[in-house]
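Enquirer: Residue numbers (my numbering): 395 to 718. Beta carbons: idealized from backbone N, C-alpha and C, even for Gly. Since we're looking at a predicted model, the values are computed, not measured. Okay, here's the structure, questions in a sec.
Pasting the structure below:
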């Protein structure tokens, strides 16, 4: 037989604990946000136990998502850098939404349902969260579950590989509406606006000669980015509308720019504190995820080593573009 117990936490949020009692089998329990889910789970478990198909994952059933997130915030998050503040908020949302679920009951369907609710969550300007932002929430949850499997042995197989990423917008389409209602379009402008909000900017160009060198490197990276963006837009046209001349030109230009950067990458401004030239260049190189024809790695070991090191930064690792 099955029993459904209604519970409320300190915040007044209701959850439902299902308990299945069957002779010869230890009581099986699971907690759900919806009473319907609790009833369905109890019915399924009863059926599987009677048919000898139910083999509970004891460890996963002993820990819920809220426990995993709490441990992650205490043990793993301190090792992260600037991305920690953003990811902490993202993980708190997951904990509030699905924290009562045991890791054994955190199925792809449950996560997809929460993801779809997240898509409807309003952002600070009253609009909806973008698909790119929702993918970042999913990436934060995925890392928690991976750590739960690899380090804590709380989980056999995380469900995230069966939850696909949302398809994000292609091309350069950043747009920011300020608190004053002014629209800002273009990545560099938006970054500088955000960088100055606290009155302590870190991405401004240095003074005097170093400032001109910093601007030169940023412009060089921007030139490569613009050419590859033209190439990418051409590939998104219908096959019979593409220009082979433009594609061949930008492919050759991309390789030539990679050679230039192989010689420039030892510049102190490219190996010191993070700056706009570095951000622009790594964004340019990562366009390879959307265009497999881009090849800046072959024959450019210094550039490849530089990119590999920069990608290790948590803020960049958490925002890697999806492969096409």
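1. Go through the stretch 632 to 716 residue by residue and report every complete run of the alpha helix (DSSP H) that reaches 4 residues or more, in order.
2. Between 679, 527, 461, 412, which lies nearest to residue 489 when the distance is taken from Cα to Cα?
3. Can you say whether residue 501 is buried or exposed, counting buried as having 16 or more other CB atoms within 10 angstroms of its CB?
4. Could you spell out where the beta strand (DSSP E) holding residue 402 opens and where it closes?
5. Per the DSSP calculation, residue 426 is bridged to which residue(s)?
6. By Cβ distance below 6 Å, which residues in the same chain neighbour residue 581 in space, the five residues on each side in sequence not counted?
7. What number of angstroms, rounded off, separates the C-alpha of residue 693 from the C-alpha of residue 428?
8. Leaving aside the five residues before and after residue 721 along the sequence, list all residues of the same chain whose C-beta is less than 8 Å from its C-beta, in chain order.
9. Confirm, please, whether the CB-CB distance from residue 641 to residue 655 is below 8 Å.
10. If I measure Cβ to Cβ from residue 715 and keep anything under 7 Å in the same chain, skipping five residues before and after, which residues do I get?
11. Please go through the same chain and pick out, in chain order, the residues whose beta-carbon is closer than 7 Å to the beta-carbon of residue 645, but skip the five residues on each side of it.
12. Over what stretch of residues does the beta strand (DSSP E) that includes residue 569 continue unbroken?
13. Suppose you measure from the CA of residue 421 to the CA of residue 403; what does that come to, to the nearest Å?
14. Write down the C-beta distance between residue 543 and residue 484 rounded to the nearest angstrom, noting that I regard them as a contact closer than 8 Å.
15. Please report the residue range of the beta strand (DSSP E) in which residue 579 lies.
16. Would you kindly work out how many angstroms separate the C-alpha atoms of residue 590 and residue 671, rounded to a whole number?
Expert: Put simply:
1. 638 to 658, 662 to 665, 670 to 679, 695 to 705, 708 to 711
2. 461
3. exposed
4. Segment 396 to 402, the beta strand (DSSP E) holding residue 402.
5. 410
6. In its chain, beyond the 5 residues on either side, 568 have a beta carbon closer than 6 Å to the beta carbon of residue 581.
7. 57 Å
8. The chain is shown only over 395 to 718; residue 721 falls outside these bounds and no answer can be derived.
9. no
10. 680, 683, 684
11. 625, 687
12. 569 to 571
13. 23 Å
14. That pair is no contact at about 19 Å.
15. 577 to 579
16. 18 Å
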